[in-house]
Amino acid sequence: MNARKADDDVVGTTFERYERYLNPGMAQIVKFMGFETVEVGSEGCYVQTADGKRYLDCLGGPGVFSMGHSPPTIIEAVHRQLERMPLSSHLLLNPVTAELAERMAEVTPGDLQYSFFCNSGAEAVEGALKAARAYTRRTEIVSTVGGFHGKTYGALSASGRDVYREPFKPLLPGFTHVPYGDAEALRGAVTSETAAVILEPIQAEGGVRVPPSGYLTAAREVCDEAGALLILDEVQTGLARTGRMWGCDWEGVVPDIMTSGKALGGGVMPLAAFTATPEVWGIFEENPYVHTSTFGGNPLACAAALAALDAVEELGLCEAANERGKQLIDGLRHAAADDGEMVAEIRGRGLLIGAEFTDPDIAGLVIATLSAHDILAAYTLNNPSVIRFEPPLIITGDQVNQVVEAFAKALASTAAMLTQ
Ligand code: PLP
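Following our numbering from start to finish, the sequence shown increments by one per residue and tops out at 421.
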């Protein structure tokens with residue numbers, strides 16, 4: 002069989018298998034976005050496809066590939082651990098898991114000290130919500146409209162977009178949603194029954210919404226006054242994405258519980274965590290097994306995370322996110338300046354950037370046109386009018402220019418399509 006035929010076969014069978022065994026609608030959407038091919042490899046800022054093309058990845062996981070695709074030092078660390086001991090016996094204590102927990106205490110702000118490791122952001126949120134209820138002995142949770150915390154029941158109850166919630170109702174009782182960025186609305190919703198407020202420092206899936214300065218500080222005050230806990234969900238904003246180690250570092254606010262995930266596994270292993278103060282960790286005193294996970298904190302994933310945390314420092318990823326983020330946001334704004342109609346706003350912080358369009362259908366066309374210019378982009382889950390730009394933090398200045406050029410061309414050809 003020649004190579005071309007083999008490529009065609011892998012594309013055909015993959016689409017067919019998605020249609021028959023995974024998710025037919027998803028296969029259709031991917032085709033509509035212009036991708037009649039499948040991914041077969043990845044390296045640095047690029048994803049390679051079966052037809053021999055490579056795409057510059059501006060979705061980045063989203064937020065998973067901060068250290069790039071297939072980062073060699075992280076893969077090496079995982080290989081070493083794979084040969085030694087991939088999974089835990091689940092009875093004996095594991096030194097790699099212990100080392101990562103210590104590192105998490107060092108890199109998280111304030112008196113956050115104890116970590117629970119799990120496999121996905123949603124699980125981390127579940128754990129954080131359970132911890133808040135167990136610690137406060139209260140049941141009410143306040144979260145925000147447009148917030149995204151995952152799709153398991155507790156996380157979905159905290160998330161704020163109806164289209165994902167409706168089919169699964171009733172969700173957990175006791176959840177109230179207030180407008181994001183509005184400190185007074187938060188003050189009005191938090192009572193002596195509130196166990197916790199859960200917020201993202203920047204709403205990522207909500208359309209890259211940066212709150213007004215002082216919002217997190219106000220949230221901290223509101224929680225303290227009511228005796229409620231503040232949970233900050235850093236699953237997407239953490240590990241240098243916004244130009245600081247954590248999104249909350251921009252305001253110097255320390256939560257009682259912080260969730261992390263995505264880039265924590267270095268783009269190689271799935272890993273997430275919730276990290277809290279010693280006081281909150283009192284919930285494990287009576288029964289250390291009150292909250293557990295079979296695969297959570299496995300040594301393979303923890304080895305990846307240790308290498309990922311090293312990479313944040315060694316590669317200077319906070320500085321890179323600030324520098325390249327400024328270049329990208331300026332470039333996108335410049336490209337959008339000639340367009341009076343389609344782009345409502347370009348906003349963000351570090352390399353978490355969103356382009357809001359006046360209509361979700363226009364955003365869809367721009368995504369499809371970007372793909373024709375070899376750029377992978379997608380909208381945010383809770384706001385389909387916003388295309389996010391969340392490339393690996395190792396993206397170079399030249400690659401940023403390439404994204405900006407492609408965006409300008411995509412705007413021009415979308416405008417031409419709309420006037421036809
Ligand atoms: N929290 C935030 C802020 C997220 O952005 C996400 C995913 O996008 C999640 C939680 C859920 O993470 P996962 O998809 O790993 O369950």
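Glycine included, C-beta positions come from ideal geometry on N, C-alpha and C.
Check whether the Cβ atoms of G182 and P202 lie closer than 8 Å to each other. Translated into positions along the sequence shown, residue 182 becomes position 181. Translated into positions along the sequence shown, residue 202 becomes position 201. Not closer than 8 Å, so no.
Per DSSP, Y47 is paired with what? Numbered from its first residue, the sequence shown carries residue 47 at position 46. Its beta-bridge partners are E44, L57.
Residue from A106, L318, I142, E391 whose Cα sits closest to the Cα of I376: Start at 1 with the first residue of the sequence shown, and residue 376 comes out as number 375. Answer by Cα proximity: E391.
Could you tell me whether any non-hydrogen atom of the ligand PLP is closer than 7 Å to the CB of A178? Here the question's residue 178 lines up with position 177 in the sequence shown. The displayed chain sequence assigns His, not Ala, to residue 178. Checking every heavy atom of the ligand PLP against the Cβ of H178, none is found closer than 7 Å.
Going by beta-carbon coordinates alone, are L157 and R166 separated by less than 8 Å? Locating residue 157 in the sequence shown gives position 156, where the first residue counts as 1. Locating residue 166 in the sequence shown gives position 165, where the first residue counts as 1. Going by C-beta atoms, L157 is nearer than 8 Å to R166.
Apply the 10 Å Cβ neighbour rule to L353 and answer buried if 16 or more other Cβ atoms are within range, or exposed otherwise. Position 352 of the sequence shown, counting from 1, holds the residue named residue 353. It counts as buried.
Would you check whether the ligand PLP has a heavy atom nearer than 7 Å to the C-beta of V269? The residue you call residue 269 lines up with position 268 of the sequence shown. No, the ligand PLP has no heavy atom inside 7 Å of this Cβ.
At a cut-off of 7 Å, would you count E206 as near the ligand PLP, judging by its Cβ distance to the nearest heavy atom? In the sequence shown, residue 206 corresponds to position 205, counting from 1. Within the cutoff, so yes.
For V198, which of helix, strand or coil comes out of DSSP? As a first step, residue 198 must be located in the sequence shown, where it is residue number 197. Here V198 sits in strand by DSSP.
Endpoints, beta strand (DSSP E) assigned at T98: Here residue 98 corresponds to residue number 97 of the sequence shown, with the count starting at 1. Per DSSP, T98 belongs to no beta strand (DSSP E); it is in the alpha helix (DSSP H), 96–108.
Start and end of the beta strand (DSSP E) containing E357? Counting from 1 along the sequence shown, the entry for residue 357 is found at position 356. That run of the beta strand (DSSP E) goes 353–358.
With a CB to CB cut of under 6 Å and the five nearest residues on each side skipped, what residues in its chain are close to A369? Here residue 369 is taken as the residue at index 368 of the sequence shown, counted from 1. For A369, where only same-chain residues beyond five positions count, the Cβ hits under 6 Å are M34, G35.
Below 7 Å, is the gap between the Cβ of G122 and the nearest heavy atom of the ligand PLP? Residue numbering aside, residue 122 sits at position 121 when the sequence shown is read from its first letter. Yes, the beta carbon of G122 sits closer than 7 Å to at least one heavy atom of the ligand PLP.
Other residues of its chain near S294: CB distance less than 6 Å, five sequence neighbours each side excluded: Residue numbering aside, residue 294 sits at position 293 when the sequence shown is read from its first letter. Once the five neighbours on either side are set aside, the close Cβ partners of S294 are C119.
Same chain, Cβ closer than 8 Å to R81, five either side skipped, listed in chain order: Counting from 1 along the sequence shown, the entry for residue 81 is found at position 80. Excluding positions up to five away in sequence, the list reads A304.
Is the beta carbon of G128 closer than 8 Å to that of Q237? As a first step, residue 237 must be located in the sequence shown, where it is residue number 236. As a first step, residue 128 must be located in the sequence shown, where it is residue number 127. Their beta carbons are not under 8 Å apart, which means Q237 does not touch G128 by this criterion.
Any heavy atom of the ligand PLP closer than 7 Å to the CB of F275? On the sequence shown, residue 275 is found 274 positions in, with the first residue counted as 1. Incorrect: F275 has no Cβ contact closer than 7 Å to the ligand PLP.
Closer than 7 Å: is that where the CB of G298 sits relative to any heavy atom of the ligand PLP? For the purposes of this step, residue 298 is taken as the residue at position 297 of the sequence shown. No; taking the cut-off as 7 Å, the Cβ of G298 has no heavy atom of the ligand PLP nearer than that.
Does the Cβ of I30 have 16 or more other Cβ atoms within 10 Å, making it buried, or fewer, making it exposed? Stepping through the sequence shown from its first residue, residue 30 is reached at position 29. By the neighbour-count rule (16 or more Cβ atoms within 10 Å), I30 is not buried but exposed.
Give every residue of the same chain whose Cβ lies closer than 6 Å to the Cβ of P279, excluding the five residues on either side of it in the sequence, and list them in chain order. For the purposes of this step, residue 279 is taken as residue 278 along the sequence shown, with counting starting at 1. Hits under 6 Å: Q114.
CB of G228 within 8 Å of CB of C319, strictly: Mapped onto the sequence shown, residue 228 falls at position 227. Mapped onto the sequence shown, residue 319 falls at position 318. Cβ atoms of G228 and C319: not closer than 8 Å.
Looking at F16 and the ligand PLP, is the gap between the Cβ and the nearest heavy atom below 7 Å? The residue labelled residue 16 in the question sits at position 15 within the sequence shown. No, the ligand PLP has no heavy atom inside 7 Å of this Cβ.
Let me confirm a value: N24 is counted as buried when at least 16 other C-beta atoms fall within 10 Å, else exposed. Which label applies? Position 23 of the sequence shown, counted from the start, is the residue given in the question as residue 24. Burial call: exposed.
If you follow the beta strand (DSSP E) that A345 is in, where does it begin and where does it stop? Walking along the sequence shown from the start, residue 345 turns up at place 344. Run containing A345: 344–350, per the beta strand (DSSP E) assignment.
Where in the segment 142–171 do unbroken runs of the alpha helix (DSSP H), each at least 4 residues long, occur, reported from the N-terminal end onward? 154–159, 163–166
Please classify Y422: is it buried, with 16 or more other beta-carbons within 10 angstroms of its beta-carbon, or exposed? Summary: the structure shown does not reach residue 422, with the chain confined to residues 2 through 421, and so no result is reported for it.
Suppose you measure from the CA of W430 to the CA of K131; what does that come to, to the nearest Å? Outside the shown range of the chain (2 to 421) lies residue 430, about which nothing can therefore be said.
Select from G351, R334, R350 the residue whose C-alpha is nearest the C-alpha of V344. Translated into the one-based positions of the sequence shown, residue 344 becomes position 343. For V344, the nearest C-alpha among the options comes from R334.
Considering only the alpha carbon of each residue, which of A356, S116, P87 lies closest to E100? Taking the first residue of the sequence shown as position 1, residue 100 is located at position 99. Among A356, S116, P87, the Cα nearest to that of E100 belongs to S116.
Between V313 and L265, which are expected to be in contact by the criterion C-beta below 8 Å, what is the C-beta distance as a whole number of angstroms? Here the question's residue 313 lines up with position 312 in the sequence shown. Here the question's residue 265 lines up with position 264 in the sequence shown. Wrong, their Cβ atoms sit about 10 Å apart, outside the cutoff.
Opposite M259 in the DSSP bridges: which residues? Numbered from 1 along the sequence shown, position 258 holds the residue referred to as residue 259. Beta-bridge pairing links M259 to L233, T276.
Looking only at its chain, what residues have a beta carbon closer than 8 Å to the beta carbon of L200, apart from the 5 residues adjacent to it on each side? As a position in the sequence shown, residue 200 is number 199, starting the count at 1. Closer than 8 Å at Cβ, skipping near neighbours: S144, T145, G148, Y181, L217, A220, L231, I232, L233, D234.
Taking the alpha carbon of V79 as the reference point, which residue from A125, D360, R350, N299 has its own alpha carbon closest? Working through the sequence shown from its first residue, we reach residue 79 at position 78. Nearest option by C-alpha distance: N299.
Quick check: is any heavy atom of the ligand PLP less than 7 Å from the C-beta of E1? Lying outside 2 to 421, the shown extent of the chain, residue 1 is not represented and no answer is given.
Confirm the yes/no value for this check: CB of F390, any heavy atom of the ligand PLP, distance under 7 Å. Counting from 1 along the sequence shown, the entry for residue 390 is found at position 389. The answer is no for F390.
Start and end of the beta strand (DSSP E) containing R389? In the sequence shown, counting from the first residue as 1, residue 389 sits at position 388. Counting along the chain, the beta strand (DSSP E) containing R389 begins and ends at 384–390.
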